[in-house]
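J.: In the working numbering, the protein residues as written are 4 to 464. Glycine is no exception: its CB is placed at the ideal position from the N, C-alpha and C atoms.
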């Protein structure tokens, strides 16, 4: 890629230096600029294969530069960097035509991968959808897992395809469904939700498809079901795994034909609806045991979104807690509670089986029940003080201890150092497997910095 030219735009000299070193390692020809205005001047004089730009800079913004590039160099990919790692920033970048969205602080390996991908794939000239920045339904988080989610929502912003949201209870599946609708071409049309687990089985079909007057006892008037209510918009089917098989068959027919019969109707009703479904269950397992239709699963699972549990993004606990405390203080018209360091540490280390919903309820409890303005660890609810330390099998520890003693007795004085290295390499290997090879996430899991993880990997080579 030695003939490829990249324009790097950021008012922060240190950021430019780090990225420049990375790009030079890829044998790229790099030009640098500290402002959007200077970058536009360079673009007018030279031909570039890629632009990498920060969003917030003195003068014109990175989005202004992106607009200029889309207008004059529409086939050239643009990567947008931002320290404001939220959903709206990601969606704005994607919907304005960015090739990729890169939140700061970034993983250098990820920068390299994205740059290579951008240079190998020119951007087709396409019509872009303008999205108005609105309330993003309080999707909060800056962790790598949430950045991946923001990117996915951004990429789906021009799409009408079905989405299946998977995640534990309390992770915010309906919030994500709202965000998918809000940042879609259907945003000005209805968003209708129905929880399969909350509707009696004998009423589900009537709720979904509606009924005619006199269709059954108690049907005193025509009722428009959720499909008709959501026409041209989005229908969110929560807990889709609880849908009865007979209803699954009717749903599949609607998805295939775009039409259905109200209960008791003689003529079909046509609808244009985007389906977003959600579940906390393993639908593939339900398919295997015959409790969920395989063809419906594949029809819904066009784009799967996996929501992380709060345990998998502990670094977001402080951000979420402060957000909830602020919102609750506004509701109560009282000063916002402040969390002490030991209180925050206890909250970060808590298992959160109820995920974000449980965290919100805990913040609500603290806002009402904690004495004073400053919340201590002792003020936390009872479940934080119960002894729930897991009882690990200690056999491996005894075996390791005996092995070290035997080696030492045999005169092997270096065994401690070697075993420590072997143990660290095992930890690194396991963490990388659990994070699908993402070094930044693996380092966080191990309590190290990313550079520490890389150094320890290299020590074994």
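Sorted by chain position, which residues of the same chain lie with C-beta nearer than 6 Å to residue 68's C-beta, five sequence neighbours on each side aside?
T.: 39, 42, 56, listed in sequence order.
J.: Can you give the Cα-Cα distance for residue 97 and residue 216, rounded to whole angstroms?
T.: Going from the Cα of residue 97 to the Cα of residue 216 covers about 47 Å.
J.: Locate the alpha helix (DSSP H) running through residue 182, then write down its first and last residues.
T.: 176 to 185
J.: Note down, in chain order, each residue of its chain lying with its Cβ closer than 7 Å to the Cβ of residue 456, except the 5 sequence neighbours on either side.
T.: 431, 442, 445, 446, 449
J.: Pick helix, strand or coil for residue 239, following the three-state DSSP scheme.
T.: strand
J.: If I measure Cβ to Cβ from residue 175 and keep anything under 7 Å in the same chain, skipping five residues before and after, which residues do I get?
T.: 142, 310, 359
J.: Spatial neighbours of residue 138 within its chain, please: CB distance less than 7 Å, with the 5 preceding and 5 following residues excluded, ordered by chain position.
T.: Residue confidence for residue 138 is low, a pLDDT of 40 falling below 50, so the modelled location carries little weight and cannot support an answer.
J.: Please give me, in chain order, every unbroken run of the beta strand (DSSP E) with length at least 3 that falls completely inside the stretch 12 to 79.
T.: 32 to 36, 53 to 57
J.: Which value, in whole angstroms, describes the spacing of the CA atoms of residue 247 and residue 180?
T.: Each residue's alpha carbon lies about 22 Å from the other.
J.: Mind reading off the beta-carbon distance from residue 195 to residue 229? Whole number of angstroms is fine, and I expect it under 8 Å.
T.: Correct: roughly 5 Å between the Cβ atoms.
J.: Which first and last residues belong to the alpha helix (DSSP H) in which residue 362 is found?
T.: 358 to 372
J.: Determine which residues share a DSSP beta bridge with residue 273 and list them.
T.: 262
J.: Compute the Euclidean distance between the alpha carbons of residue 159 and residue 187, then round it to the nearest angstrom.
T.: 7 Å
J.: Give me the Cα-Cα distance between residue 412 and residue 462, rounded to the nearest whole angstrom.
T.: 27 Å
J.: Tell me the DSSP secondary structure of residue 349 in three-state form.
T.: helix
J.: According to the Cβ coordinates, are residue 66 and residue 84 closer than 9 Å?
T.: no
J.: Between the beta-carbon of residue 305 and the beta-carbon of residue 165, is there less than 9 Å?
T.: yes
J.: Are the beta-carbon atoms belonging to residue 25 and residue 81 less than 9 Å from one another?
T.: no
J.: 9 Å is my cut-off, CB to CB: does residue 383 come that close to chain B?
T.: Chain labels in this structure do not include chain B; a single protein chain is all it has.
J.: Since I believe residue 145 is in contact with residue 319 (beta carbons under 8 Å), could you give me their beta-carbon distance rounded to a whole number of angstroms?
T.: Contact holds; Cβ gap of about 6 Å.
J.: Tell me whether residue 306 sits in a helix, a strand or coil according to DSSP, three-state version.
T.: When secondary structure is reduced to three states using DSSP, residue 306 falls in the strand class.
J.: If residue 255 and residue 296 are in contact, beta carbons under 8 Å, what's the gap, nearest whole angstrom?
T.: At roughly 6 Å, the Cβ-Cβ gap stays under 8 Å, so residue 255 and residue 296 are in contact.
J.: Which class does residue 120 belong to by DSSP, given the choice of helix, strand or coil?
T.: helix
J.: What does a CB cutoff of less than 8 Å around residue 14 pick up in its chain, not counting 5 residues either side in sequence?
T.: 37, 38, 57, 60, 61
J.: Hey, residue 426 and residue 367: beta-carbon distance below 9 Å or not?
T.: Here residue 426 is not near residue 367, since their CB atoms are 9 Å or more apart.
J.: Express the C-alpha separation of residue 156 and residue 440 in angstroms, rounding to a whole number.
T.: 22 Å
J.: Could you check how far apart the C-beta atoms of residue 9 and residue 31 are, in whole angstroms? I think they sit under 8 Å.
T.: 5 Å
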